[in-house]
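Asker:
Number of protein chains: 2
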Amino acid sequence: MIHAVIMAGGIGSRFWPRSRRSHPKQFLSIVEQATLIQATVARLSGVIDSQNIHVVTNERYVDTTRAQLPAIPAENVLAEPISRNTAPCIAYAAFHIHRKDPDAVMVVLPADHIIRDVARFHETLQVGIDKSAEERSLVTIGIEPTYPATGYGYIQFDPDDRGADGQLQAMFVRTFAEKPNLETAERFLDSGDFLWNSGMFIWRSDAILHALRSHLPDVHDAFSWMAEADIVDAERLEVSFSSCPAISIDYGVMERADKVYVVPGSFDWSDVGDWKAVYDLSEKGSAGNATDGQAILHDSARCLVSAQDRLVAVVGLNDIVVVDTEDALLVCHRDATQRVKNVVDYLYTHRLDEFV
Amino acid sequence: MIHAVIMAGGIGSRFWPRSRRSHPKQFLSIVEQATLIQATVARLSGVIDSQNIHVVTNERYVDTTRAQLPAIPAENVLAEPISRNTAPCIAYAAFHIHRKDPDAVMVVLPADHIIRDVARFHETLQVGIDKSAEERSLVTIGIEPTYPATGYGYIQFDPDDRGADGQLQAMFVRTFAEKPNLETAERFLDSGDFLWNSGMFIWRSDAILHALRSHLPDVHDAFSWMAEADIVDAERLEVSFSSCPAISIDYGVMERADKVYVVPGSFDWSDVGDWKAVYDLSEKGSAGNATDGQAILHDSARCLVSAQDRLVAVVGLNDIVVVDTEDALLVCHRDATQRVKNVVDYLYTHRLDEFV
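As they're listed, the protein sequences go chains A and B.
My numbering applies: residue 492 is where the first sequence begins, and numbers increase by one.
My numbering applies: residue 492 is where the second sequence begins, and numbers increase by one.
This is how it looks when you write it as structure tokens:
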């Protein structure tokens with residue numbers, strides 16, 4: 492059966508002050524009415540039964556996750572006692588699902604992306620699911636790049652595998668590339684055989700467990716007790732996570748494994764990485780301003796205003812982002828939204844945790 | 492005796508959202524700990540006894556005025572039922588004071604200016620007070636212009652009256668000029684015989700009453716009943732104000748009267764006209780940022796942040812003003828602070844009075 496594993500452990504510090512440690516990005520309504528994680532689940536409708544949708548999240552977000560996703564069985568919300576990046580998270584989910592369903596195919600998805608072309612997304616998933624049936628193949632979804640982004644990793648595929656007439660098919664992965672500098676990113680874009688690494692994966696549970704054993708044996712072995720356990724024991728789980736290095740599945744497994752394939756995702760996609768991305772995704776009114784809540788923009792253009800309970804007036808300013816919350820306010824240039832995480836770092840180091 | 496009349500009827504809409512209809516600029520602590528009206532009164536210490544300090548304000552601000560100025564007799568706070576600009580306000584105060592003290596000299600001051608060189612200010616007042624003793628002369632204080640301001644009216648004096656060696660003396664006023672355009676303002680500045688019109692006046696009560704009778708007989712006659720009245724009757728007062736045109740003392744009297752003199756004020760002076768003026772008056776920290784309250788400025792320069800109960804973070808922005816209040820927030824370019832009043836106009840016309 493097809494299972495989903497939604498990874499929802501992030502903190503989303505680039506979405507401060509709306510995103511907080513107690514209520515991070517994936518649980519927020521950003522751009523749309525539904526929260527990002529609700530939209531991620533809704534997007535699977537018709538492909539994966541909600542009984543087979545799992546969420547891995549930090550234990551402090553378990554209640555929020557269950558509250559936001561009432562259709563998902565409570566036991567499918569898997570608590571991480573500590574965050575150790577994606578490889579331990581995926582090992583945990585893979586053991587959990589494999590024990591219930593040894594023939595499981597796992598679709599692994601981040602909780603905080605926006606994709607609006609659901610039909611094309613489903614088509615892409617299906618190609619990946621079909622490919623994952625091949626012995627031990629690991630499949631990822633790559634995004635057709637639209638500009639020389641320096642904020643994403645890239646995946647180089649074998650151009651001979653490119654389907655004719657835009658037909659979707661899984662293509663052999665030659666290499667995973669780290670986030671490039673601009674020059675390299677331009678070269679990647681020009682070459683035509685690079686895709687953005689989206690962090691979406693499809694594989695059989697036995698295939699990923701086999702790959703983990705080969706390439707990250709420590710991580711595999713830390714969770715192997717789950718293969719025999721009837722219930723997930725919180726204390727043993729804490730020991731498992733504590734013993735793991737913090738390592739991504741990309742770096743730990745995908746870059747090292749042999750049979751890795753990528754399906755090109757030609758649907759619209761955003762990882763909603765910062766407030767600038769929210770601006771890009773938002774409907775704009777006159778002068779290119781995007782507003783949420785009660786906002787007055789006077790002689791101002793191309794601004795994003797996310798108000799909440801208060802009136803926000805912007806006068807004589809272009810290209811700024813204003814995010815207003817009950818106890819903290821952000822005013823930021825639209826080209827500086829990546830640096831919002833520096834404010835969060837500052838808050839941590841200056842013992843202003845109450846605002847994080 | 493010397494009396495002061497502090498005019499405190501303004502709304503200060505350029506200071507929105509800190510300044511509100513219910514609590515305007517003159518009652519706010521701007522730049523300094525003391526409120527502007529408290530500082531205006533404190534500045535008279537040693538020159539005018541607090542028993543002789545009067546405040547004219549809208550009746551809705553009478554309680555606030557009395558609360559902020561406990562040293563001033565309650566009956567010295569004169570309520571205006573409606574605002575009719577400065578001429579009716581001054582007529583009202585002049586009749587009130589003249590009845591108590593027929594030999595009164597009145598020093599008329601706006602409630603919302605900042606002057607820090609108190610010694611020089613007192614010296615200037617004294618020259619004006621001495622001049623006012625001459626039969627029916629009306630004296631105003633002009634400010635030595637430091638740049639070609641287009642936001643102030645100007646006063647042209649007779650350059651032959653300029654004191655030698657910077658000695659202060661009252662100079663004959665040739666003309667009052669409206670707010671000029673930049674070209675004219677530059678010409679005024681270059682000529683050396685123009686001063687800014689500060690709205691500060693000194694005259695004997697009998698002199699101003701005589702001038703009102705000559706140049707604004709309607710206004711004079713509207714209040715003449717006060718010469719005979721033992722108590723100020725609120726209903727009669729309302730009739731008096733209602734019958735008056737809204738006219739300034741500058742336009743209605745000073746520009747028309749014969750014996751008008753100006754004392755040049757060489758003290759530092761600001762009418763604290765907008766948030767930009769507050770920035771200019773504030774102490775700056777690193778990168779030229781001026782902050783009040785809990786503010787984090789990251790990659791930002793020359794900003795003014797006036798926070799209150801919340802944390803304000805500014806990222807990647809220069810030359811902006813952020814004013815945060817409980818129910819409304821302003822984000823403004825530092826060169827657009829004059830346009831804040833447009834927001835207030837918008838609030839009025841769009842029935843958002845709760846924010847005014």
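From the three backbone atoms N, C-alpha and C, an ideal C-beta is built for every residue, glycine too.
Just so you know, these numbers come straight off a predicted model, no measurement behind them.
When you compare each of A/Arg557, A/Gln617, A/Ile722, A/Met498 to A/Gln658 by their alpha carbons, which one comes out closest?
Answerer: A/Gln617
Asker: If contacts are defined as beta-carbon pairs under 8 Å, then A/Ile502 and A/Leu600 qualify, I think. What distance do you get, rounded to the angstrom?
Answerer: No, A/Ile502 and A/Leu600 are not in contact; Cβ-Cβ is about 18 Å, not under 8 Å.
Asker: Considering only residues of the stretch 667 to 744 of chain B, which uninterrupted beta strand (DSSP E) runs meet the minimum length of 3 residues and lie entirely inside it, listed in chain order?
Answerer: DSSP runs (the beta strand (DSSP E)) wholly in the stretch 667 to 744 of chain B: 685 to 695.
Asker: In the structure shown, what three-state DSSP assignment does B/Ala602 receive?
Answerer: coil
Asker: Whose Cβ in chain B lies nearer than 7 Å to the Cβ of A/Asn833?
Answerer: His789
Asker: What three-state label does DSSP hand B/Gln785 in the structure shown?
Answerer: In the structure shown, B/Gln785 sits in coil (DSSP, three-state: anything other than H, G, I, E or B).
Asker: Quick one: does the C-beta of A/Arg627 sit closer than 7 Å to a heavy atom of the ligand ATP?
Answerer: Ligands are entirely absent from the displayed structure, and the ligand ATP is therefore not among its contents.
Asker: Give me whichever residues DSSP pairs with B/Arg511 in a beta bridge.
Answerer: B/His514
Asker: Consider the Cβ of B/Val822: report whether some Cβ of chain A lies at a distance smaller than 8 Å.
Answerer: yes
Asker: Is there at least one Cβ from chain A nearer than 8 Å to B/Val813's Cβ?
Answerer: yes
Asker: Could you work out which residues of chain A lie near B/Arg830, taking near to mean beta carbons separated by less than 8 Å?
Answerer: His789, Asp790, Val806, Gly807
Asker: Run through chain B and tell me which residues come within less than 8 Å of A/Asp826, C-beta to C-beta.
Answerer: Gly807
Asker: Give a yes or no on whether the minimum CB-CB distance between B/Phe846 and chain A is below 8 Å.
Answerer: yes
Asker: Could you work out which residue in A/Leu560, A/Pro572, A/Ala533 is closest to A/Glu550 when comparing CA atoms only?
Answerer: A/Pro572
Asker: Output the boundary residues of the beta strand (DSSP E) element that contains B/Thr548.
Answerer: 544 to 549
Asker: Can you list the residues of chain A that B/Ala819 reaches, using a CB-CB cut of under 8 Å?
Answerer: Arg801, Leu802, Val803, Ala804
Asker: Should the stretch 730 to 740 of chain A be regarded as contacting the stretch 577 to 594 of chain A, the criterion being three or more beta carbon pairs within less than 8 Å?
Answerer: Look at the beta carbons and you see the stretch 730 to 740 of chain A touching the stretch 577 to 594 of chain A: at least three pairs across the two are nearer than 8 Å.
Asker: Do you know whose CA, among B/Trp507, B/Met492, B/Ile493, lies nearest B/Glu845's CA?
Answerer: B/Trp507
Asker: Between the Cα of A/Tyr837 and the Cα atoms of B/Val805, B/Asp608, B/Val532, which residue gives the shortest distance?
Answerer: B/Val805
Asker: Per DSSP, what are the beta-bridge partners of B/Leu802 in this structure?
Answerer: A/Ala819
Asker: Could you tell me which residues DSSP pairs with A/Asn809 in its beta bridges?
Answerer: A/Ala792
Asker: According to DSSP, what are the bridge partners of B/Phe648?
Answerer: Bridge partners of B/Phe648: B/Val664.
Asker: Out of B/Trp760, B/Ala624, B/Arg727, which one is the CA nearest neighbour of B/Arg695?
Answerer: B/Ala624
Asker: Skipping 5 residues on each side, what residues in its chain have a beta carbon closer than 6 Å to that of A/Asp651?
Answerer: none
Asker: Note down, in chain order, each residue of its chain lying with its Cβ closer than 6 Å to the Cβ of A/Arg704, except the 5 sequence neighbours on either side.
Answerer: His711
Asker: Quick one: any contact between the stretch 753 to 768 of chain A and the stretch 817 to 833 of chain A, if contact means 3 or more CB pairs under 8 Å?
Answerer: yes
Asker: Using a threshold of 8 Å, state whether the C-beta atoms of A/Phe758 and A/Thr615 are closer than that.
Answerer: yes
Asker: With 8 Å as the threshold, decide whether the Cβ of B/Tyr770 is near any Cβ in chain A.
Answerer: no
Asker: Using three-state DSSP, classify B/Ile634 as helix, strand or coil.
Answerer: strand
Asker: So that I know if they touch, is there some Cβ in chain A lying closer than 8 Å to that of B/Tyr839?
Answerer: No, B/Tyr839 lies away from the interface with chain A (no Cβ there is under 8 Å from its Cβ).
Asker: Have a look at A/Ala582, A/Gln542, A/Val553 and flag the residue whose alpha-carbon is nearest the alpha-carbon of A/Ile563.
Answerer: A/Gln542
Asker: Looking at the unbroken alpha helix (DSSP H) that takes in A/Val847, where does it start and where does it end?
Answerer: A/Val847 -> no alpha helix (DSSP H), and no H or E assigned at all.
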